[in-house]
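Worksheet: the structure to be examined is printed underneath.
Chains as they are written, first to last, in the numbering used here: chain A, 1 to 191; chain B, 1 to 191.
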């Protein structure tokens, strides 16, 4: 039995959202499961000194165009939400509060809410409403949940996760939706 | 007749080097030529606040692995040179000093010298030796050449070029070797 793929992402990351639409089918073609691991890009950016794409001169303008073009390329419904980007702390906590079997369904509806329906999932109230559609009522201010979420995010950064999406298969890291081709070849066998 | 593709790159950029091995064949499949436009990433980084990849925590370590893996993926001979990265001002000047028909051949031998043979093309003497193999004897300190090179680099940044490789086809920009798939689809028709 092959070990699952680790899929790190931030709920505010367009490329993370695009990857989320494709990762399970890709993994399944090679008999793999996927472990979804939301993290907070802000924590990674503290380690790397990076800044959110829209704030960067030249690159920010390019990024907006590339988000939209990439979504068309991969045939995924997408809009640039407003506001963008946002803190996804509440979304991240809601994910880790959920029972295992509801985590991935919750991640999918959170992504869709933000990148398709333009719901600001940076706001706790919106996260709670979305969670409720799956019968979930997380206490987003619970200290144990805060600690667990922080530990997950710290563990991601400690493992070297600096961007979104960031995928690890058998110890080999792949950063970006645009590494899916290399990831797929790796799943056939290391090269 | 379709207009040529603009191919911006820095001679010290591994992804620029990889792209240089593939861009002409790709363009030719769609009846396009390629205009090679070396620039200096340092000038772009001043505009964006970016730093050379190897200096960035987490991302730098990943980048080294990704350079090597990407070279294997694209089946291109490659090593991480030492020193890396370097200033490619002299290489850039030598390119713009060359007559049009020798610019691309010179770019190719400069790239090969650095990324295959580990020759430090940051040093003017090495650039001159390489240029001499093509019968070229540029005066790298000529003021008109300095001005021309600077103007080319400034024009690139003014156009929005912030990374390497950066390709523009009919006004549409593509950053990165990993956008070649989107570039190829665009050459079949905008999407």
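Every residue, glycine too, gets a C-beta built ideally from N, C-alpha and C.
Practice prompt. Rounded to whole angstroms, what's the CA-CA distance from residue 45 (chain B) to residue 106 (chain A)? Just pull it up for me.
Written response: 39 Å
Discussion item. According to DSSP, is residue 57 (chain B) part of a helix, a strand, or is it coil?
Written reply: coil
Worksheet item: Roughly how many angstroms separate the alpha carbons of residue 165 (chain B) and residue 16 (chain B), rounded to a whole number?
Response: 5 Å
Worksheet item: What residues in the region 59-80 of chain A bring their beta carbon closer than 8 Å to a beta carbon of chain B?
Response: 59, 61, 62, 65, 66, 69, 70, 72 and 73
Worksheet item: How many angstroms separate the CA atom of residue 12 (chain B) from the CA atom of residue 68 (chain A)?
Response: 30 Å
Worksheet item: Span of the beta strand (DSSP E) holding residue 6 (chain A)?
Response: 5-9
Worksheet item: Is the region 117-135 of chain B in contact with the region 87-104 of chain B, if contact means three or more CB pairs nearer than 8 Å?
Response: yes
Worksheet item: Less than 7 Å separating the beta-carbons of residue 7 (chain B) and residue 23 (chain B)?
Response: yes
Practice prompt. Can you pull the chain B residues whose beta carbon is under 9 Å from the beta carbon of residue 54 (chain A), in chain order?
Written response: Residues of chain B passing the Cβ test: none, with the nearest at roughly 13 Å.
Item to complete: Drop a sphere of 10 angstroms on the beta-carbon of residue 163 (chain A), count the other beta-carbons inside from all chains shown, and report buried for 16 or more, exposed for fewer.
Response: buried
Practice prompt. Compare the C-beta of residue 98 (chain B) against all C-beta atoms of chain A and say whether one is closer than 7 Å.
Written response: no
Fill in: Terminal residues of the beta strand (DSSP E) in which residue 172 (chain B) lies
172-175
Discussion item. Does any residue of chain A have a CB that is nearer than 7 Å to the CB of residue 175 (chain B)?
Written reply: yes
Worksheet item: Between residue 47 (chain B) and chain A, is there a C-beta pair that is closer than 7 Å?
Response: yes
Worksheet entry | Cut-off 6 Å between Cβ atoms - residues of its own chain near residue 187 (chain A), not counting five sequence neighbours on either side | 30
Worksheet entry | residue 37 (chain A), DSSP secondary structure in three states | strand
Fill in: Contact list for residue 147 (chain B) against chain A, beta-carbon separation under 8 Å
Residues of chain A passing the Cβ test: none, with the nearest at roughly 23 Å.
Worksheet item: What residues in its chain sit with their C-beta under 7 Å from that of residue 3 (chain A), if we drop five residues either side in the sequence?
Response: 170
Worksheet item: residue 23 (chain A) lies in the beta strand (DSSP E); which residues open and close that run?
Response: Unbroken run through residue 23 (chain A) is the alpha helix (DSSP H), 14-29; no beta strand (DSSP E).
Item to complete: Please go through the region 117-169 of chain A and give each complete alpha helix (DSSP H) segment of 4 or more residues, from N-terminal end onward.
Response: 124-132 and 143-158
Worksheet item: Out of curiosity, what's the CA-to-CA distance linking residue 70 (chain B) and residue 182 (chain A)?
Response: 8 Å
Practice prompt. Would you mind telling me which residues of chain B sit closer than 9 Å to residue 185 (chain A), beta carbon to beta carbon, in chain order?
Written response: 73
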